[in-house]
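Novice: I'd like to ask some things about the structure below.
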Amino acid sequence: MQKEIITMTKKESERLIIVNNLINKVINGTEASKQLDLSLRQVKRLKAKVILLEAKGIIHGNRGRESNRTVNYEIEKVPQKRHISKPARFSSVS
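Going by the numbering used here, the final residue of the sequence shown carries number 660, and the count climbs one at a time with no gaps.
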């Protein structure tokens, strides 16, 4: 089985250490929530994600994905036709 290289920030690696301590029952949930400055509910979710995905559970899910706001530059280069409407003609009402 090939090992995958995971890049983490310093903050994420510190989170992983704290969550692993929580999993190994070195600390309890309230202590972990204080150390991570998160609510107990968020710590439980983080713990479950680390149990399921290991170190990948700490990393944000959108990392490495292309932004949904990116612009296709091929389309952007083509000038768009501007529709200039003629002024409306007013008919006299009798």
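Note that beta-carbon positions come from the ideal geometry of N, C-alpha and C, so glycine has one too.
Which residues in the same chain have their Cβ closer than 7 angstroms to the Cβ of I584, if we skip the five residues on either side of it in sequence?
Specialist: Taking the sequence shown and counting its residues from 1, the one referred to as residue 584 is at position 18. Excluding sequence neighbours, I584 sits near A598, Q601, L602.
Novice: Quick one: Cα of N638 to Cα of I572, how far?
Specialist: Sequence index remark: in the sequence shown, residue 638 carries index 72 (1-based). Sequence index remark: in the sequence shown, residue 572 carries index 6 (1-based). Straight-line Cα distance between these residues: approximately 29 angstroms.
Novice: Do S574 and I617 have their CB atoms nearer than 8 angstroms?
Specialist: As a working note, residue 574 is residue 8 in the sequence shown. As a working note, residue 617 is residue 51 in the sequence shown. The residue you asked about is not Ser; residue 574 is Met in the sequence shown. No.
Novice: Which of the three DSSP states, helix, strand or coil, is assigned to T575?
Specialist: Taking the sequence shown and counting its residues from 1, one reaches residue 575 at position 9. Of the three classes helix, strand and coil, the one that applies to T575 here is coil, per DSSP.
Novice: Restricting to runs no shorter than 3 residues, where is the beta strand (DSSP E) found entirely within the segment 614-641?
Specialist: The segment 614-641 contains no whole beta strand (DSSP E) run of 3 or more residues.
Novice: Since L588 contacts K613 with CB under 8 angstroms, what's their CB separation in whole angstroms?
Specialist: The residue given as residue 588 occupies position 22 in the sequence shown. The residue given as residue 613 occupies position 47 in the sequence shown. That belief holds up - the Cβ atoms of L588 and K613 are roughly 6 angstroms apart, short of 8 angstroms.
Novice: Quick one: what's got a C-beta closer than 7 angstroms to E578's C-beta in the same chain, skipping five residues either side?
Specialist: Here residue 578 corresponds to residue number 12 of the sequence shown, with the count starting at 1. Excluding sequence neighbours, E578 sits near I624, I625.
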